Amino acid sequence: MLKRPLSLVVILHQDLAEHDRHELFETYFSWLEEEMENISARPMAIVLVRPSEAPDLSSYNYKNSSSSAALAGWAERVDDYLLKRYKDKNIRINRKLNKYLLLTRTDINSDIAGVAQRGGHVGIASITVSNAPAHEVGHMFNATHEDADILYNGWWSETPLNTPDFFTPLRLDAQRFSDNNREIIRQYLEKA
Ligand SMILES: [Zn+2]
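Start counting the sequence shown at 938; every next residue gets the next number (my numbering).
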């Protein structure tokens, strides 16, 4: 049986309007698309949407002292948008396979660069932390901090679900999930 594809729609916030879409894709998402395809054995499309293409979404005010409130507001915007767009078209959104990430230029507040619910269909990530987008996308496909890893291949690198510690600045970003998180993601998608 052919497996259904994965999609990640990345809505560029208005504060990224001046950024180059292809450059953002290359920097944060190109390896991730390949990684998710390898893990899931499904095709994956990561699509970056310009702010002007989805003004209702790209204007969302993500600044919030509570990151969970920021996420709840974002979920509401996304669900409204999907409802309006797909109401009469007989298109069904599968929240396990289709994810919606708001990419932002600055952090949600002074402590938090991104937020997502484990296994949820929405997330917010800032480009201020190089692995924040992959970190949140990992959560959306069920990955956890506990299952993150530090890899050694002539030098140390952190898989995206690592939480920062004292040595973090010395390590590279691994462009892959840990073995454990790969397995968790695979299992999450198994029955989808
Ligand atoms: Zn996290």
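C-beta: ideal position from N, C-alpha, C; glycine also.
Since the structure is predicted, the reported quantities are computational estimates derived from the model, not experimental observations.
A residue is called buried once 16 or more other Cβ atoms fall within 10 Å of its Cβ, and Asp1025, having fewer, is exposed. Residue pairing by DSSP puts Lys1036 in a beta bridge opposite Leu945. If you check the C-beta of His1072 against ligand 1, you find a heavy atom less than 7 Å away.
By the Cβ neighbour-count rule, Thr1065 is exposed, with fewer than 16 other Cβ atoms within 10 Å of its own. Taking all protein chains shown into account, Ala1071 has 16 or more neighbouring C-beta atoms within 10 Å of its C-beta and is therefore buried. Pairing Glu972 with Phe1114 gives a Cβ-Cβ distance under 8 Å.
In the structure shown, the three-state DSSP call for Glu1095 is strand. Here the distance from the Cβ of His1082 to the nearest heavy atom of ligand 1 is below 7 Å. Here the C-alpha atom of Leu1038 lies approximately 17 Å from the C-alpha atom of Ile1122. The beta carbons of Glu1073 and Gly1051 sit about 4 Å from each other, so the pair counts as a contact at 8 Å. In this structure, the C-beta of His1076 approaches ligand 1 to less than 7 Å from one of its heavy atoms. Cβ contact annotation for Ala1085 (same chain, cutoff 6 Å, sequence separation greater than five): Thr1096, Leu1098, Asn1099, Ser1115, in chain order. Bounds of the beta strand (DSSP E) holding Val986 are 981 to 986. Contact annotation: Ser1094 and Leu1109 have beta-carbon atoms nearer than 8 Å.
Comparing alpha carbon positions, the residue from Glu960, Ser1002, Trp1011, Leu1019 closest to Arg987 is Glu960. Taking C-beta atoms as the reference points, Leu953 and Leu1040 count as a pair closer than 8 Å.
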